[in-house]
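For the protein sequence lines, the chains are B and F, in the order given.
No gaps in the numbering here: position 151 of the first sequence is 1038 in the numbering used here, and each next residue is one more.
No gaps in the numbering here: position 40 of the second sequence is 927 in the numbering used here, and each next residue is one more.
Everything below concerns the one structure shown next.
Protein chains: 2
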Amino acid sequence: MLIERDDDSQEVNRRSALGVTAPRGFWAGSAAAGIRDGKADRPDVGILYSEVPAAAAGVFTANRVRAACVELTERLVRQNRRLQAVVANSGNANACTGERGAADAAEMQRAAADLFGLEPQDVGVASTGVIGVPLPMDRVRVGIEAAAKRIRDDGGRAFAEAIMTTDTRPKEAVAEFRVDGRPATVGGAAKGSGMIHPNMATMLAFLTTDAAVDPAALDAALRLAVDRSFHCISVDGDTSTNDMVLCLANGLAENRILTPEHPDWPAFVETLTTVATELAKAVARDGEGATRLVEVRVEGARSEEDARRAAKAVAGSSLVKTAVYGADPNWGRILCAVGYSGAEFEPEGADVYIGDICVCRGGRAIDFDEEAARGVLRGDPVVLRVILGNGPGSAVAWGCDLTEKYIEINAHYRT
Amino acid sequence: MLIERDDDSQEVNRRSALGVTAPRGFWAGSAAAGIRDGKADRPDVGILYSEVPAAAAGVFTANRVRAACVELTERLVRQNRRLQAVVANSGNANACTGERGAADAAEMQRAAADLFGLEPQDVGVASTGVIGVPLPMDRVRVGIEAAAKRIRDDGGRAFAEAIMTTDTRPKEAVAEFRVDGRPATVGGAAKGSGMIHPNMATMLAFLTTDAAVDPAALDAALRLAVDRSFHCISVDGDTSTNDMVLCLANGLAENRILTPEHPDWPAFVETLTTVATELAKAVARDGEGATRLVEVRVEGARSEEDARRAAKAVAGSSLVKTAVYGADPNWGRILCAVGYSGAEFEPEGADVYIGDICVCRGGRAIDFDEEAARGVLRGDPVVLRVILGNGPGSAVAWGCDLTEKYIEINAHYRT
């Protein structure tokens, strides 16, 4: 059902690769337009289309410097709470591009709307890539036209590939749930892989469902899901200008409209959260230069918020990330990160585990099998656990190790 | 007068190398005790001693996980506001070591006190190095005894070397000012070089002066100086368990006691800030794996606090740091970091400079000489300037580039 789970039978892989097109009525396609450097050697324009108008919700970057597409799409979603298509490009963020950037985003929107016979306000726009360079609109126009022609009801993988930048693999997830006794599906695609940090996290993520959902309720569900997924990952501590998570619900499952009062509301929120979490973890695992996923579980915190703060600090610590890379069971760095996270706790009550191995009890060193701990750190994912003995709060955050490759990518690639 | 300034005549170098022993009546010495691994091949115990009791003030780590020496020395300084000696070691942080750690810190204090005929409460203790390993007290005792025998009134360099861990060079600074018409001196030593981030910053810094300063006023002056120096640097975003800035004022300049009402108070605060800033910059420049110092100046912010927030975000951004390393004039990352810093501003009013070269005006790309900008980024220090056009606030922060060497050091070295 989900990307990269252990049970990867052919059927599971096929379903998962459907990504955003797994739910009924969603189509997607891509084209190679040479947006980054004129060479049309990789897909860089993606279009997502729903057969019918969909309720829409979004979460957008907290950065004060916001790309033109973020301004445009957030305004749309706030005002109309519905979309029928999204046009996305990689290779150029259309950020810090002034009035021309705003005009270019609007033109992308209009071009896609014309091709599908929609109103511009039914089309969202997303961009990712280099900052401060105007979009090459001649190439973008050609790309949108080509992608629109190629949309298919199983085109999710093509869409997921079109939004990649330094990502090494497409990121998709699919999960199902039942509403009013019928099956419904949530699908998703996301791209990372630098400038990943709460709040926001992944630069672009798209979630689709065929469930019928009340637009205000969809917004609430998306915020709950994002708080536990994209807001809990960190690659490098940088929050981008273009971060956007969009969710479209087209209602083709023909259920009674989901609101918090509907008996299947919890199942919907849980499924949306599951898909968002799988995507977020895929983004963390594919962080620039990363060799493995790090999962940080904090338990026994005073509150869930304190637990999340502590888990994020550990997942975001350069020193923890390099220790994981070096397979060094240096738990002092883990406890140190919890210490500066802002979470309230007494170090004397804190235990630290690397995998199942207790490496620190009551804030102090204990004897442990160092070779075994190194083995855990060489695995993937690496699970780090901190128990604060301070209350009922628990949370999970995800990150990755920090390697020479991150430096190499970012010293020489323009994001 | 100051370390690493351009005019490095022999006399300047000699004065600067005096460091903490430049002011009258301060002595220092060191010994190699093999604290880290039993090999006594580098100095790792340092003692600072004043001929007379000195007013003392300190700023200590904000981390909730605090080394035993931090607990001990902070309590001392708060209660008595005076010290006559400090014993410091590198190679072992004596952090996360529980009751044994507290007893060991107290024993270090008592051992030094006995050697100088002082009361224990007149001796501060500082440690830096690996976390979670008990101090090898047999070696520490021998080291303290040896260092105490070797103290000299020009032993500042020896002290600065004894507190180094992954630092590649000792960090010292000296500056003079006049009080009541007579010369007085401020000296200092510091060590970095990972886990460097506000708040706190450098793991250990020691400032000395022969000026007579009221203890409460000394505390106020130190906080002003630290806010503009050690709290404005970042190497890797990690705040350590052992951070400590101690300041001792022994009064041998025989001036009227300095308080904010004294006409020479501003000169004292400025001189203390100058020495603290030189040390902070030396710590940033010598960040683990760093090849150059990055100075970030933010002007035109709504407030000084906003300016400082923005400058720190830019100096701390992994993406800015890797771009500097790669000599890539990627100003989008600079503006992006200001955008998520929390500072309030309109991107449309922001200009960005690399050295003297304007690379972004009004939040948008402009044409600039890219080769010249690369040249600036290859220099040292690299000055980045952001003008927000939003008010009178300005601030400076310091960081360093991020290189493969940082990864190498931290994947394989235990801090």
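Where is the CB? At the ideal position from N, CA and C, for every residue including glycine.
Just so it is clear, the structure is predicted and the values come from calculations on it, not from any experiment.
Original post:
Would you say the region 1262-1277 of chain F touches the region 1177-1187 of chain F, given that touching needs at least three Cβ pairs under 8 Å?
Top reply: yes
Fill in: Collapsed DSSP secondary structure at F:Ala-1088 in the structure displayed
The residue labelled residue 1088 of chain F in the question sits at position 201 within the second sequence. The pLDDT assigned to F:Ala-1088 is 34, lower than 50, so where the model puts this residue is not dependable; a value taken from the coordinates is nonetheless given after this. F:Ala-1088: coil per DSSP, three-state reduction.
*Counting Cβ pairs, one atom from each stretch, are 3 or more of them under 8 Å apart for the region 1048-1061 of chain B and the region 918-938 of chain B?*
yes
Residues that B:Glu-1291 contacts on chain F, provided the C-beta gap is smaller than 8 Å: Translated into positions along the first sequence, residue 1291 of chain B becomes position 404. Correct list: Glu-1291, Ile-1294 and Glu-1295.
Can you list the residues of chain B that F:Leu-905 reaches, using a CB-CB cut of under 7 Å? In the second sequence, counting from the first residue as 1, residue 905 of chain F sits at position 18. The contacting residues do not exist; F:Leu-905 stays about 33 Å from chain B at best.
In this structure, how does DSSP classify B:Met-1131 when only helix, strand and coil are distinguished? Working through the first sequence from its first residue, we reach residue 1131 of chain B at position 244. DSSP places B:Met-1131 in strand when its eight states are reduced to three.
So is B:Thr-1055 buried or exposed if we call it buried at 16+ other beta carbons inside 10 Å?
-> Translated into the one-based positions of the first sequence, residue 1055 of chain B becomes position 168. Exposed is the call here.
Pair within 8 Å by beta-carbon distance, B:Ala-1163 and B:Gly-1075 = Translated into positions along the first sequence, residue 1163 of chain B becomes position 276. Translated into positions along the first sequence, residue 1075 of chain B becomes position 188. Yes, the pair counts as a contact, with Cβ atoms nearer than the cut-off.
Assuming F:Ser-1014 is part of the beta strand (DSSP E), what are its boundary residues? Reading the second sequence from its first residue, position 127 is the one you call residue 1014 of chain F. Where F:Ser-1014 is concerned, the enclosing beta strand (DSSP E) stretches over 1010-1017.
| task | Go ahead and label F:Asp-1288 buried or exposed: buried means 16 or more other beta carbons lie within 10 angstroms of its beta carbon, across all protein chains shown. | result | Here residue 1288 of chain F refers to the residue found at position 401 of the second sequence. Classification for F:Asp-1288: buried.
#### Entry: 8 Å contact criterion, which B:Gly-945 and B:Met-1131 should meet: CB distance rounded
One-based indexing of the first sequence puts residue 945 of chain B at position 58. One-based indexing of the first sequence puts residue 1131 of chain B at position 244. So it is a contact: roughly 6 Å between Cβ atoms.
- Within the 8 Å Cβ cut-off, does F:Thr-1089 reach chain B? The residue labelled residue 1089 of chain F in the question sits at position 202 within the second sequence. Here F:Thr-1089 scores only 49 on pLDDT, less than 50, and its place in the model is too uncertain to base an answer on.
TODO: Using a cut-off of 9 Å between C-beta atoms, extract the partners of B:Val-1020 located in chain F.
DONE: The residue given as residue 1020 of chain B occupies position 133 in the first sequence. Here the neighbours are Gly-1219 and Ala-1252.
Can you give me the C-alpha to C-alpha distance between F:Ala-1108 and F:Ala-1154, rounded to a whole angstrom? Numbered from its first residue, the second sequence carries residue 1108 of chain F at position 221. Numbered from its first residue, the second sequence carries residue 1154 of chain F at position 267. Answer to the nearest angstrom: the Cα atoms are 11 Å apart.
- Can you tell me the Cα-Cα spacing of B:Glu-938 and B:Gly-978, whole angstroms? Along the first sequence, read from residue 1 onward, the residue named residue 938 of chain B stands at position 51. Along the first sequence, read from residue 1 onward, the residue named residue 978 of chain B stands at position 91. When rounded, the distance between both Cα atoms is 28 Å.
- Task: Spell out whether any CB of chain F is found under 8 Å from the CB atom of B:Gly-1030.
- Result: Within the first sequence, the letter at position 143 stands for residue 1030 of chain B. It does not; no Cβ of chain F falls within 8 Å.
Would you list, in chain order, the members of the region 939-973 of chain B that have their beta-carbon closer than 7 Å to a beta-carbon of chain F?
Ala-949, Asn-950, Arg-951 and Val-952
Residue from F:Gly-985, F:Gly-1043 and F:His-1149 whose Cα sits closest to the Cα of F:Ala-904 | In the second sequence, the residue the question calls residue 904 of chain F occupies position 17. The shortest C-alpha separation from F:Ala-904 is found at F:Gly-1043.
- What is the rounded straight-line gap between the Cα of B:Ala-1000 and the Cα of B:Ala-1136? Taking the first residue of the first sequence as 1, we reach residue 1000 of chain B at position 113. Taking the first residue of the first sequence as 1, we reach residue 1136 of chain B at position 249. Rounded to the nearest angstrom, the two C-alpha atoms are 19 Å apart.
Query - Closest by C-alpha distance to B:Leu-1091, when choosing among B:Lys-1208, B:Glu-1231, B:Gly-1286 and B:Asn-976 - result: Taking the first sequence and counting its residues from 1, the one referred to as residue 1091 of chain B is at position 204. Among B:Lys-1208, B:Glu-1231, B:Gly-1286 and B:Asn-976, the Cα nearest to that of B:Leu-1091 belongs to B:Asn-976.
Measure the alpha-carbon distance for B:Asn-981 versus B:Ile-1018 and round it to whole angstroms.
For the purposes of this step, residue 981 of chain B is taken as residue 94 along the first sequence, with counting starting at 1. For the purposes of this step, residue 1018 of chain B is taken as residue 131 along the first sequence, with counting starting at 1. If you take the alpha carbons of B:Asn-981 and B:Ile-1018, they lie about 6 Å apart.
task: Please classify B:Ile-1144: does DSSP put it in a helix, a strand, or coil?
output: As a working mapping, residue 1144 of chain B is identified with position 257 in the first sequence. Here B:Ile-1144 sits in coil by DSSP.
B:Phe-913 to B:Thr-1095 span [Cα, whole Å]
As a first step, residue 913 of chain B is located in the first sequence; it is residue number 26 there, counting from the start. As a first step, residue 1095 of chain B is located in the first sequence; it is residue number 208 there, counting from the start. Roughly 8 Å separates the two Cα atoms.
Under a Cβ-count criterion, where at least 16 other Cβ atoms within 10 Å of its own Cβ denotes burial, should F:Asp-924 be classed as buried or exposed? The count along the second sequence starts at 1 and reaches residue 924 of chain F at position 37. It is exposed - the Cβ of F:Asp-924 has fewer than 16 other Cβ atoms within 10 Å.
DSSP has B:Trp-914 in a bridge; who is on the other side? Residue numbering aside, residue 914 of chain B sits at position 27 when the first sequence is read from its first letter. In the DSSP output, where bridge partners are listed per residue, B:Trp-914 has B:Tyr-936.
>> Quick check: the Cα distance between B:Asn-1142 and F:Gly-1174, rounded to an integer number of angstroms?
In response: Taking the first residue of the first sequence as position 1, residue 1142 of chain B is located at position 255. Taking the first residue of the second sequence as position 1, residue 1174 of chain F is located at position 287. Roughly 59 Å between the two C-alpha positions.
For this session: Put F:Glu-1048 into one of helix, strand or coil per three-state DSSP.
Result: To locate residue 1048 of chain F, count along the second sequence from 1; it is residue 161. Three-state DSSP puts F:Glu-1048 in a helix.
Self-check item: Whole runs of the beta strand (DSSP E) within the region 1149-1204 of chain B, excluding any shorter than 3 residues
Solution: 1180-1188
Inset, instruction - Output, in sequence order along the chain, the residues in the region 987-1002 of chain F whose CB is closer than 7 Å to any CB in chain B. - result: none
Review point. Under three-state DSSP, which class holds F:Ser-977?
Key: Counting from 1 along the second sequence, the entry for residue 977 of chain F is found at position 90. Three-state DSSP puts F:Ser-977 in a strand.
Open item on the list: Just verifying my parser: in three-state terms, what is the DSSP assignment at B:Phe-1232?
Closed with: Translated into the one-based positions of the first sequence, residue 1232 of chain B becomes position 345. In this structure, B:Phe-1232 counts as coil in the three-state DSSP scheme.
Q. Below 8 Å between beta carbons: does that hold for B:Ala-1298 and F:Thr-1178?
A. For this step, residue 1298 of chain B is matched to residue 411 along the first sequence. For this step, residue 1178 of chain F is matched to residue 291 along the second sequence. No, the pair does not count as a contact, with Cβ atoms beyond the cut-off.
**Item:** Alpha carbon of B:Val-1029 to alpha carbon of F:Arg-951, nearest angstrom
**Value:** For the purposes of this step, residue 1029 of chain B is identified with residue 142 of the first sequence, where counting begins at 1. For the purposes of this step, residue 951 of chain F is identified with residue 64 of the second sequence, where counting begins at 1. B:Val-1029 and F:Arg-951: Cα-Cα distance of roughly 57 Å.
**Asked** Do we get a CB-CB distance below 8 Å when we pair F:Phe-1344 with the residues of chain B?
**Response** Residue 1344 of chain F lies beyond the stretch modelled for chain F, which goes from 888 to 1302, so this question has no answer here.
Practice prompt. Would you identify the three-state DSSP class for F:Arg-884, choosing helix, strand or coil?
Written response: It is not possible to answer for residue 884 of chain F, since the shown part of chain F is limited to 888 through 1302.
TODO: Over the uninterrupted alpha helix (DSSP H) stretch that includes B:Thr-960, give me the two end residues.
DONE: In the first sequence, counting from the first residue as 1, residue 960 of chain B sits at position 73. Run containing B:Thr-960: 955-967, per the alpha helix (DSSP H) assignment.
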